[in-house]
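Here is the structure we will look at, set down as structure tokens.
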Ligand SMILES: Nc1ncnc2c1ncn2[C@@H]1O[C@H](COP(=O)(O)OP(=O)(O)O)[C@@H](O)[C@H]1O
Ligand SMILES: [Mg+2]
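Residue numbers (the working numbering): 97 to 360.
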């Protein structure tokens, strides 16, 4: 349903993403991992049609996104950027309503289906009591959940999330990961998310793409990533993958103290 082939993106003379490939099926969850500056946000923004690649192709259900209008893309794909912005006075409900723009008719009339989607998004992000609060009165975590709700209300089959759990306490991190999992299994939503927590990625994702300096160095399932030895190499850390349960991918246990410190 979503596919990228030979995708290359540059900012001026600097190439941020080179020859990137990705292919998503309905209900698949994919993590985009890699060090800071490796091109994760660039890849997501290109897939959302927000930056124009200098090479390669992005298609949704076989149609090139360059031939699709903003509204057509929004019906198929919802994108939550890493640092979204909205006017401070806007309320949670208003933000979520904006997520419905692709569905709302010519005269901006919201029907029952729109209201249902908005309610569903509020409930599933734990924001029912926050609907009429302005965004400026929310904590970072509450605001992040409001943005997730706006993306959910869009009811798109493809969901792109750029570090959706950043700013959230560990309880809400688990809830977001859980929600992503449910959306994929119950609504066959295809999810691509940039995420820093490797173990959350390992636990919930069907596939993982690992980027290093704009290049795709791994595309496969979590178990194969653990076997590849690439995590230590790309992130320049010491650690090991520890089995936690039969049928579950292993857990990466990073050494938090560098050897040089211990031997000093
Ligand atoms: N708007 C921009 N203009 C110029 N360079 C950019 C811009 N956005 C990102 N970059 C550069 O592109 C590279 C990839 O960035 P990004 O996709 O944001 O990485 P990540 O999301 O993995 O941290 C980095 O070197 C970054 O400095
Ligand atoms: Mg980023």
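Glycine included, C-beta positions come from ideal geometry on N, C-alpha and C.
Return the residue from the list 172, 151 and 148 that minimises the CA-CA distance to residue 159. Taking the first residue of the chain shown as 1, we reach residue 159 at position 63. Closest in alpha carbon position to residue 159, among 172, 151 and 148, is 172.
Neighbour-count burial assignment, residue 329, 16 or more Cβ in a 10 Å radius: Locating residue 329 in the chain shown gives position 233, counting from the first residue. Classification for residue 329: exposed.
Alpha helix (DSSP H) segment containing residue 277, residue limits: Position 181 of the chain shown, counted from the first residue, corresponds to residue 277. Boundaries of the alpha helix (DSSP H) harbouring residue 277: 266-283, taken from the DSSP string.
With burial defined as no fewer than 16 other Cβ atoms inside 10 Å of the residue's Cβ, what is the status of residue 235: buried or exposed? Looking up residue 235 in the chain shown gives position 139. By the 10 Å Cβ count, residue 235 comes out exposed.
Mind checking whether the beta-carbon of residue 110 lies closer than 7 Å to any heavy atom of ligand 1? Taking the first residue of the chain shown as 1, we reach residue 110 at position 14. Yes, the Cβ of residue 110 comes within 7 Å of a heavy atom of ligand 1.
Give me, in chain order, the residues of the same chain whose beta-carbon lies closer than 8 Å to that of residue 335; leave out the 5 immediate sequence neighbours on both sides. Stepping through the chain shown from its first residue, residue 335 is reached at position 239. Within the same chain, residue 335 has close Cβ partners 327, 328, 348, 349, 350 and 351.
Within the same chain, show all residues whose beta-carbon is closer than 8 Å to that of residue 184, passing over the 5 residues directly before and after it, in chain order. Reading the chain shown from its first residue, position 88 is the one you call residue 184. So the qualifying residues of the chain are 230, 231 and 232.
Measure the beta-carbon distance from residue 272 to residue 244 and round it to whole angstroms, keeping in mind my assumption that it falls under 8 Å. As a first step, residue 272 must be located in the chain shown, where it is residue number 176. As a first step, residue 244 must be located in the chain shown, where it is residue number 148. 7 Å between Cβ atoms; contact.
Assign residue 211 to one of two classes, buried (16 or more other C-beta atoms within 10 Å of its C-beta) or exposed (fewer than that). The residue labelled residue 211 in the question sits at position 115 within the chain shown. Around the Cβ of residue 211, a 10 Å sphere holds fewer than 16 other Cβ atoms; the residue is exposed.
Along the chain, where does the beta strand (DSSP E) that runs through residue 153 open and close? Taking the first residue of the chain shown as position 1, residue 153 is located at position 57. Looking at the DSSP string, the run of the beta strand (DSSP E) that includes residue 153 is 151-156.
Using only alpha-carbon positions, find the residue among 227, 282, 292 and 257 that is nearest to residue 123. Taking the first residue of the chain shown as position 1, residue 123 is located at position 27. The candidate whose alpha carbon is nearest that of residue 123 is 282.
Going by DSSP, what residues sit across from residue 129 in a beta bridge? If you number the chain shown from 1, residue 129 lands on position 33. DSSP, once it has assigned bridges, lists 306 as partnering residue 129.
In or out: residue 208 buried (at least 16 other Cβ within 10 Å) or exposed? Mapped onto the chain shown, residue 208 falls at position 112. Exposed: under 16 other Cβ atoms inside 10 Å.
When every heavy atom of ligand 1 is checked, does at least one fall within less than 7 Å of the C-beta of residue 138? On the chain shown, residue 138 is found 42 positions in, with the first residue counted as 1. Indeed, a heavy atom of ligand 1 lies less than 7 Å from the Cβ.
Do the segment 104-121 and the segment 259-272 touch if we need at least three Cβ pairs shorter than 8 Å? no
If residue 214 and residue 193 are in contact, beta carbons under 8 Å, what's the gap, nearest whole angstrom? Here residue 214 refers to the residue found at position 118 when the chain shown is read from its first residue. Here residue 193 refers to the residue found at position 97 when the chain shown is read from its first residue. At roughly 6 Å, the Cβ-Cβ gap stays under 8 Å, so residue 214 and residue 193 are in contact.
Starting from residue 237 and walking both ways along the alpha helix (DSSP H), at which residues does that stretch end? In the chain shown, counting from the first residue as 1, residue 237 sits at position 141. Where residue 237 is concerned, the enclosing alpha helix (DSSP H) stretches over 236-249.
With a threshold of 16 other CB atoms inside 10 Å of the CB of residue 274, please say whether the residue is buried or exposed. Indexing the chain shown from 1 puts residue 274 at position 178. With fewer than 16 Cβ atoms within 10 Å of its Cβ, residue 274 is classed as exposed.
Less than 7 Å separating the Cβ of residue 228 from some heavy atom of ligand 1? The sequence position of residue 228 within the chain shown is 132, counting from 1. Flag unset: Cβ of residue 228 not near ligand 1.
How about residue 293: is its Cβ closer than 7 Å to a heavy atom in ligand 2? The residue you call residue 293 lines up with position 197 of the chain shown. No, ligand 2 has no heavy atom inside 7 Å of this Cβ.
From which residue to which residue does the alpha helix (DSSP H) around residue 328 run? Walking along the chain shown from the start, residue 328 turns up at place 232. Unbroken alpha helix (DSSP H) run through residue 328: 326-331.
Considering just the uninterrupted stretch of the beta strand (DSSP E) at residue 115, what are its terminal residues? Counting from 1 along the chain shown, the entry for residue 115 is found at position 19. Residue 115 -> beta strand (DSSP E) spans 110-120.
Kindly give me the distance between the Cβ atoms of residue 174 and residue 297, rounded to whole angstroms, as I take these residues to be in contact under 8 Å. Position 78 of the chain shown, counted from the first residue, corresponds to residue 174. Position 201 of the chain shown, counted from the first residue, corresponds to residue 297. With 8 Å as the limit, residue 174 and residue 297 do not qualify as a contact, their Cβ atoms being about 20 Å apart.
Can you give me the Cβ contacts of residue 315 inside the same chain, cut-off strictly under 6 Å, excluding the 5 residues immediately before and after it? What you label residue 315 is simply residue 219 of the chain shown in a count that begins at 1. So the list reads 305, once near-sequence residues are dropped.
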